[in-house]
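Positions 1 to 169 (our numbering) are the ones given, in order, by the first sequence.
First the structure, in the form of structure tokens, and then the observations on it.
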Amino acid sequence: MPKSILNLTADKLAPRLLGQFLCRRFPNGTVKKYVITEVEAYVGEQDKACHAHKGKTKRTAIMYGPPGHWYVYLIYGMYSMLNLVCAPTGVPHAVLIRSVKGITGPGRLTRALKIDTSFNAKLASPDHGLWVEFSNPNIPKNQIAITPRIGVDYAQEDKDAPLRFVLNL
DNA sequence: GCAGTGATCATA
DNA sequence: ATGATCACTGCC
């Protein structure tokens, strides 16, 4: 993954991930590639919906590190959420990968791809069995729907920020 | 509509 | 140590 792309802020990176491939090498060795179809941007300490809103903690430290690493956390005791850390080191942005073609929902996605919190803080690379390939051209704007993020009603003035991006296939 | 499930963080 | 909260899903 090119560093110039990973250094983008999450709101800029998120739409560029649409149409690209989320790639997984499963424990049995088979590799599958999935078209990314739904993402959300979480844009740092000023964003009340972002976990980094309350500053650096043990959990959010990964978002402050260098871009290109996975941020994976457990929610509701059962679902792992898969995020790609981006923006320059020290700027805690991340993009939540919510859906790929054929698998809708962030919890279903990680369940289907056998992704759990052991991926947290790992580099997105084939060496770790989970990576992104930028092999498609950028998706034209008229194929991208932009909406508020899902499940962030608690985020006050940021709850309706247009930071969810969906690819219309 | 709402229960299930457990890490995380603030409060103490 | 305790308790509220939670970037969700599946079943009622």
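Positions of the beta carbon are idealized from the N, C-alpha and C atoms, including for glycine.
DSSP-derived helix/strand/coil call for residue i
i, result
"Tyr76", "coil"
"Lys58", "coil"
"Ile150", "coil"
"Phe21", "strand"
"Ala161", "coil"
"Lys122", "coil"
"Lys32", "strand"
"Ile103", "strand"
Start-to-end residues for the alpha helix (DSSP H) that takes in residue i
i, result
"Ala14", "Ala10 to Leu17"
"Ser135", "Neither: Ser135 is in no alpha helix (DSSP H) and is coded neither H nor E."
"Ile5", "Lys3 to Leu6"
Unbroken beta strand (DSSP E) run spanning residue i, endpoints
i, result
"Arg111", "Element bounds for Arg111: not the beta strand (DSSP E) but the alpha helix (DSSP H), Pro106 to Ala112."
Per DSSP, cross-strand counterpart(s) of residue i
i, result
"Met81", "Tyr73"
"Ala94", "Tyr42 and Val85"
"Ile144", "Leu167"
"Leu130", "Arg24 and Ser125"
Reference residue i, options the options, closest by Cα
i, options, result
"Asp127", "Pro140, Val31 and Ile97", "Val31"
"Val85", "Glu133, Gly44 and Gly77", "Gly44"
"Leu82", "Pro92, Asn142 and Tyr71", "Tyr71"
"Pro106", "Ile5, Thr9 and Arg164", "Arg164"
"Pro162", "Ile75, Ala14, Lys56 and Ala124", "Ala14"
"Tyr64", "His93, Ile103 and Gly77", "His93"
"Gln143", "Lys48, Arg16, Ser80 and Tyr154", "Arg16"
"Tyr42", "Thr104, Ile97 and Pro140", "Ile97"
"Asp47", "Leu6, Asp160, Met1 and Asn168", "Asp160"
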